[in-house]
Every structure is written in C-alpha cells, then in structure tokens.
Amino acid sequence: MKRISTYLLLFLIWVLIPKASISVNAQETILGISWSNPPTESNQISNQLSFFEQIGIDFLEIKHPVSPTLLDSLSNYPLQVLVRFNNKYLTTSEVRENRNEITRQFSSLILEYAEHETVIAYGLYSYSQSFNAEFIEEFETISNELNQISNREFYEITSGPYNALDFSIYEIKSDSIPNDLSAFLLSKEPSKKDADLLNKLINQNPRLVFFESDWFSKAIQLHPNLISALKNFDNGNEFILPLKRVETSPTQFNWFIFVFVLIWISVGIHILFSQTYKPLIFRFFTGHRFFVDDVMRYRERSYISGIFLFFQHAIFTGLVVYIFSSLHISETGLDALYSAIPQIALFGENYFSLFVIGTLFSIFAQVIALAWLYFPSTSMSHFSQTLTLFTWVFHIDFLIVSVMLILFLSGGSATLILFLGLLFVLNWLFAFFLTSFDSSKYLIEKRASYIFYTFGLHTILNIGLLILIFSSNSINDLLELIIIL
1 MKRISTYLLL
11 FLIWVLIPKA
21 SISVNAQETI
31 LGISWSNPPT
41 ESNQISNQLS
51 FFEQIGIDFL
61 EIKHPVSPTL
71 LDSLSNYPLQ
81 VLVRFNNKYL
91 TTSEVRENRN
101 EITRQFSSLI
111 LEYAEHETVI
121 AYGLYSYSQS
131 FNAEFIEEFE
141 TISNELNQIS
151 NREFYEITSG
161 PYNALDFSIY
171 EIKSDSIPND
181 LSAFLLSKEP
191 SKKDADLLNK
201 LINQNPRLVF
211 FESDWFSKAI
221 QLHPNLISAL
231 KNFDNGNEFI
241 LPLKRVETSP
251 TQFNWFIFVF
261 VLIWISVGIH
271 ILFSQTYKPL
281 IFRFFTGHRF
291 FVDDVMRYRE
301 RSYISGIFLF
311 FQHAIFTGLV
321 VYIFSSLHIS
331 ETGLDALYSA
341 IPQIALFGEN
351 YFSLFVIGTL
361 FSIFAQVIAL
371 AWLYFPSTSM
381 SHFSQTLTLF
391 TWVFHIDFLI
401 VSVMLILFLS
411 GGSATLILFL
421 GLLFVLNWLF
431 AFFLTSFDSS
441 KYLIEKRASY
451 IFYTFGLHTI
461 LNIGLLILIF
471 SSNSINDLLE
481 LIIIL
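Just so you know, the numbering used here puts 420 at position 420 of the sequence shown, and the rest follows in order with no gaps.
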C-alpha cells in the first residue's frame, strides 16, 4: 500500500510540474559547480550562491543527501540544480539480480526532490558498466519505469566516452581532454598547467562544463585571473586565461625501483653467505640432472638459496602485479576494485596495496605448493630438498621482471609486457611441474601416482579456477569494470 501511494504522489508531481530539461544552444557553453561540501549555515550558503551567480555559474551539482536549508536557499537563486545519487560501480549482473530493489531505491530518492522545481536532473549512478550494451539494456527497464514517475532528466558520471541515460558527464582527472564529448566535470589535482587545459576545454564549446568545488577553490589561488576570465566569458566574450610558467617539479621517488634494487642487493648478500651458490646456478641450467641428483642424495643441504629465492619470487610477483595494475587500471578502476573488495586496501586505496597483496599471495601460494610436493613424496626426507628443487627455476624471474620494468619505465609495448607477464606465470607453474617430475624419478614405486596427485591435481585445480572465473558473470563484470573505467 505504501508503495502504491508513493507512485501516485510521484505521478501527480509529474503531471503538475513542467518537464525540466538541459537542452541548450549548441553554440553556448554553460558553466556549473559540482559542490562537494556545501556549508550548513544559511548565511554562508547564501554568500556562496551569490558568488556563484556573480561569476556566471548557471548549474549546480550537489550530491545526495541535500540539506533542507540548502534546498530552501536554492529557490532564491536562478541556479538550476542536478542531484547526484551515491550509486557507484554498478555492473550488469548486479542490475539484473537486484532490478526491483534498485528501482525502489531510485523512486524513493526521486520522491525526496520531486517538489523542488530548481532540481532539473538526477545523477542515477557513477563509473558503472554503461560501456557495455548488456548493461544499457538491463538498466533501460529501470529508467523506463522511473520516467513514468519523474519529469526530470537522468545522467551519469563517467570516466570514458560512454553515453547512457539522457546524458553523460565525463570526469577529467588528467591533463588530457577527449574530443567530441558535450559535458565535462573537471576534478583533477589542481596545477599551474590547468590554465592551458581550461582554455582548450571551454573553447571546444562543450555543452556543459562543471568545476568540482575543491578544484575550483584551489584553482582560484593558483590562477587569480580565473574569476575575471569566467565573468568575461559570461558576458559573451572568449574565455582567455593567461598561461603561467610551469616550473620543473622535483623527481618523484619511485619506490618500486628501490624494491627492485633491493632484490639485486639480496643477490649479493646471497653470494656472500653461500660460496656454492654461483657454481650451482650454472649446474642447474646446464647439467640439470646432476643438480637434481645432488639435491635428492642430500649432498646439497643448504636452506639459504631456497629461502632467498622464495622471497625474491614473492616480491617479483608483487612488482608484476604493480606493473600490470599501473598499466591497465586507472584511478577510477582502482576505486571500483577497493569498493568491491575493501579488505585488500592494506596500505590505503592505492597501487602499493596491490603490490603487497601480490607479494602476500605469492608467499601463501608457494607455501601451499611446497607442502603439496613434499608430504606425498617418500623420496624426499628433508624439506630443503623440496625448497631447492621448487625455487631454483625462479632465477628466470630476474630476466623477465628486469625487461618488464625497463619497458614499463620507458613507455614500451604494453603487449610485450603482457607477454612477459604470461611467461612469469608459466614459469611459476613450470616450477611445480619440474619439482614433481624431478623428485618422482627417485621413487621406487607409485611414481605415476605421485605425479598425478601433485602436478595432475594442480593442473586440474588451475583449470577449474579459470573456468569458474570466466563462467561467473559477477566476476567478469567486475573485471571489465575495473579494467575499462
């Protein structure tokens, strides 16, 4: 009954209040402010709104919830208001599975603002899977139902040139501007280079340009002529913001290079503590059968090499994860990942946390692999034998990751980096197979059974995990969202 009365009220509002629209002359650019943290006091709100009006701001975007004080104040100014709801990172599977609940949620939110004539549009979602045709098709059912109870337009915030709902607003978080888009939200980290960015942006004649309020307040300090440039533009003149001389910024500390150097330093320490280390590297790759024989007959007993290689491989894994993340996951995609799995933000919502997660995952996976290889075998009586056989192939990591890092730092081929990353994973899998095969040669009986219960089951498990990942709509939607955003 409550739902029926809600829809009835929305229908009456839809009939009585004229259709609101953001249709403007194609030759005219309308400026707006995306107000992140509006004040709570009435006089402060009025002062800020008066300032916006004076400098030529026509639109105001505010995030839900909006205080009644602010809504009342807005009615006294000729500003048109867009209200952005808090839904982020929606996926196709999520919309499909929760369509009714999402529709009820949006209907309830629309009801809160339906009587305020200054509100002309609702931002239904941000940074979602609207680049996917299936998502648009699934969400169309919701938007069609909402159109029956609302006469306002619906929009989305995007991080790419996607277009869903009535219109899309592209968020600028870098110094580049895509072409052929009509609505923008400037929210990047402010810098002196923004004068050139603003000149290019506004003189492209887009339909809408919103300035994020935090960016705007800092930009006024960096560019004192910004206010006069906006006023001149509001009076029909060309937007011109004088360029500032940009000083060379100090070189940024690249922690991942420091970590890489530490790994090579650990190689020197390794050689210092193990006099047989260098000769055994040559024997492993050129006389592998003799190397295995020394280990299995317990003539090579040292844990040191295996321990060094164990942790070096773990850190290399973290670096590979970091390189791939930096290349293929944007800041927005990173936010989507941590929004879906907040538990992995061990050191904040940044790329360093992914490096740590990759390192910890490698340590965990190696421990499982070593136990899996050691306990079923009767040919290995000492854990150091399994550790040595399993880890020595990781010397190849040094070559693979070194080339990956050089390509990454020099802006080299992303395809080649992807290929090298695949080699890194295959080498890791090969370590398990090689250990299983080498140690099985020293079994008196049940050699085939040992290979099946180690390498065989290991392979089946990996294939099963891949099938599970690629057959799960939820996982695939999340991966697509993270990579494409």
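We treat Cβ as the ideally placed atom computed from N, Cα and C, and that holds for glycine.
Residues of its chain near residue i, where Cβ-Cβ distance is below 7 Å and the 5 sequence neighbours each way are ignored
i: Ile4; result: Low confidence applies to Ile4: its pLDDT is 48, below 50, so where it sits in the model is not reliable, and the reading given next is rough at best. There are no such residues.
i: Leu423; result: Ile400
i: Ile281; result: His395
i: Phe216; result: Ile33
i: Ser159; result: Tyr127, Glu171, Ser330, Thr332, Leu485
i: Ile102; result: Val95, Ile142
Neighbourhood of residue i by C-beta distance below 8 Å, restricted to the same chain and skipping five residues each side
i: Ser23; result: Any reading at Ser23 must be qualified, since the residue scores a pLDDT of 48, below 50, and its modelled position is unreliable; the value itself is stated next. Contacts found: none.
i: Ser384; result: Arg301, Ser302, Tyr303, Gly306
i: Asn566; result: Absent from the structure is residue 566, since the part of the chain shown begins at 1 and ends at 485.
i: Leu74; result: Leu49, Leu60, Val81, His116, Thr118
i: Ile110; result: Leu10, Tyr122, Leu146, Ile149, Ser150, Arg152
i: Asn203; result: Glu238, Phe239
Option nearest residue i by Cα separation, candidates the options
i: Phe273; options: Ile281, Phe284, Ser305; result: Ser305
i: Ile463; options: Leu429, Leu434, Tyr442; result: Leu429
i: Ser143; options: Ile257, Arg207, Ala164; result: Ala164
i: Ser67; options: Val83, Gly123, Arg283, Phe390; result: Val83
i: Met296; options: Arg283, Ser381, Phe347; result: Ser381
i: Val425; options: Gln148, Phe324, Thr286; result: Phe324
i: Ala371; options: Ser266, Pro78, Pro38, Tyr453; result: Tyr453
i: Asp166; options: Tyr125, Phe258, Pro178; result: Tyr125
i: Leu407; options: Leu327, Lys173, Tyr277, Leu479; result: Leu327
i: Ser168; options: Thr141, Ser330, Gln129, Phe239; result: Gln129
i: Phe310; options: Phe258, Thr388, Phe285, Ser472; result: Thr388
i: Ile265; options: Phe398, Ala414, Leu478; result: Phe398
i: Phe135; options: Asn100, Thr92, Ile177; result: Thr92
i: Lys188; options: Ser449, Ala219, Ser182; result: Ala219
Element boundaries [beta strand (DSSP E), containing residue i]
i: Tyr122; result: 119–126
i: Ile157; result: 153–158
i: Tyr170; result: 167–172
i: Arg104; result: Not the beta strand (DSSP E): Arg104 falls in the alpha helix (DSSP H), residues 99–113.
i: Lys210; result: Here residue 210 turns out to be Phe, not Lys, going by the sequence shown. Unbroken beta strand (DSSP E) run through Phe210: 208–212.
i: Ile33; result: 30–35
As assigned by DSSP and simplified to three states, the class of residue i
i: Gln275; result: coil
i: Leu479; result: helix
i: Glu140; result: helix
i: Arg96; result: helix
i: Arg289; result: helix
i: Lys231; result: helix
i: Leu79; result: coil
i: Asn25; result: Low confidence applies to Asn25: its pLDDT is 38, below 50, so where it sits in the model is not reliable enough to give any reading.
i: Ile149; result: coil
i: Arg283; result: helix
i: Leu201; result: helix
i: Lys218; result: helix
i: Ser191; result: coil
i: Leu334; result: helix
i: Ile269; result: helix
Boundaries of the alpha helix (DSSP H) in which residue i is found, first to last residue
i: Gln312; result: 304–328
i: Ile368; result: 351–374
i: Ser379; result: It is not in any alpha helix (DSSP H) - Ser379 carries neither H nor E in the DSSP assignment.
i: Ile341; result: No alpha helix (DSSP H) holds Ile341; DSSP gives it neither H nor E.
i: Ile184; result: Correcting the residue identity first, residue 184 is Phe in this sequence and not Ile. Element bounds for Phe184: not the alpha helix (DSSP H) but the beta strand (DSSP E), 183–186.
Own chain residues within Cβ distance below 6 Å of residue i, not counting five before or after
i: Gly486; result: Residue 486 cannot be examined here, being either before or after the span of the chain that is shown, 1 to 485.
i: Leu337; result: Ile482
i: Phe316; result: Asp397, Val401
Proximity test, Cβ basis, 7 Å: residue i and chain C
i: Phe437; result: Judged by its chain identifiers, the structure shown contains no chain C, having just a single protein chain.
Every unbroken alpha helix (DSSP H) inside the region 387–470 [4 residues or more]:
For the alpha helix (DSSP H) assignment, the uninterrupted runs of no fewer than 4 residues enclosed by the region 387–470 are, from N- to C-terminal side, 395–409, 414–440, 447–451.
At 3 residues or longer, what runs of the beta strand (DSSP E) sit wholly inside the region 38–74?
Taken in chain order, the complete beta strand (DSSP E) segments of 3 residues or longer contained in the region 38–74 are 59–63.
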